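Protein chains in written order, with my numbering: chain D, 1 to 253; chain Z, 1001 to 1080.
Yeah, the Cβ is synthetic: ideal placement off N, Cα and C, and Gly gets one too.
In this text, all values refer to a predicted model and were calculated from it rather than measured experimentally.
Structure first, commentary second.
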């Protein structure tokens, strides 16, 4: 029973970190590929490398300090951040599933990056813009990965496992990126975002509750029940909004 | 000295902007809802010691917040 509870918790943790990291890394890779294609790979790779080094320094500074933080306060803060972040993802995925939001952000990000490169005239300035664009893309998306790994990993007391899941996502996205390069929008992004949203909101509820000293019935296994509840609610919202949109379209036509 | 100050100011502004976009962005209602949810559930759990009620309230209020935000976005799209 205890083994089942521990393994379900670990599976949900690894799944959440892997998928969330993969989504963020796909976005970062899109920007780097766009910069590399239009301006050459040197500035794109330099910007990415400096961003990764900066992120590494940040983790080295912040990571050890988290261990000394009171666990209840940490879990409440983590729970609140994950609830907000998860609900944002889930909301976006639900709206996309109903056609109320464009499905592929990656194509838009690619075009936008290429356009901003084309507007730049001198060669030296183009190199600097390429470096900054790659740096910002990798740093900001990477920072979100770092927050996900640190918050989920420390709260679940499996920081090493969370870091390994993120590293696995980096390897998978990196290999896929090298193979498909421009076909990044073929990744079923919305299904991934919906799954990640459900997992983050479930973790947010669970850790937030523990931070508020709630004793969850069944301990860690209640996390699985939360995942089911949020998945069903999301599906119901998609079904309801699709029906409403179809009814509205029938009235206006 | 001036260049380093403006660099530091830009860094702080950029950091603040990142957290603003990360937590609030275009969904301030979700940020506000989570603060309210934590406030209500902490009253029930830490002050009232009603564990069963808190277990039900936390996910229920989160579902309501999500549903409300999605509904708000749907209504906004209808107005456009």
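query, result
"Three CB pairs or more closer than 8 angstroms across the segment 33-53 of chain D and the segment 158-166 of chain D", "no"
"Segment limits, alpha helix (DSSP H) that includes residue 1073 of chain Z", "1051-1079"
"Whole-Å CB distance - residue 1054 of chain Z paired with residue 1041 of chain Z, under 8 angstroms assumed", "5 angstroms"
"Proximity to residue 224 of chain D [Cα-Cα], best of D:213, D:240, D:46 and D:204", "D:204"
"C-alpha gap between residue 128 of chain D and residue 46 of chain D, whole angstroms", "11 angstroms"
"Cβ-based burial, residue 1058 of chain Z [other Cβ within 10 Å; buried from 16]", "buried"
"Residue 171 of chain D classed as buried or exposed, judged by whether at least 16 other C-beta atoms fall within 10 angstroms", "exposed"
"Contact list for residue 205 of chain D against chain Z, beta-carbon separation under 7 angstroms", "1058, 1059 and 1062"
"Three-state class that DSSP yields for residue 231 of chain D in the structure shown", "helix"
"Contacts around residue 15 of chain D, its chain only, beta-carbon distance under 7 angstroms, and the 5 residues preceding and following it disregarded", "199"
"Alpha-carbon to alpha-carbon, residue 1030 of chain Z and residue 248 of chain D", "26 angstroms"
"Neighbour list for residue 1069 of chain Z in chain D, Cβ cutoff strictly below 8 angstroms", "87 and 91"
"Residue 174 of chain D beta carbon less than 8 angstroms from that of residue 55 of chain D", "no"
"Short CB-CB distance (under 8 angstroms) between residue 1030 of chain Z and chain D", "yes"
"Contacts of residue 216 of chain D in chain Z (Cβ-Cβ under 7 angstroms)", "1055"
"For residue 99 of chain D, three-class secondary structure by DSSP", "coil"
"Beta carbon proximity, residue 1073 of chain Z to chain D, threshold 8 angstroms", "yes"
"Buried/exposed call for residue 130 of chain D, threshold 16 Cβ in 10 Å", "buried"
"Beta-carbon contacts of residue 1051 of chain Z that lie in its chain and below 8 angstroms, excluding the five residues immediately before and after", "1045"
"Integer-rounded CB distance, given that residue 1061 of chain Z should sit under 8 angstroms from residue 87 of chain D", "At roughly 11 angstroms, the Cβ-Cβ gap does not stay under 8 angstroms, so residue 87 of chain D and residue 1061 of chain Z are not in contact."
"Within-8 angstroms CB hit, residue 1006 of chain Z to chain D", "no"
"Straight-line gap, residue 1013 of chain Z to residue 1020 of chain Z (C-alpha atoms, nearest Å)", "10 angstroms"
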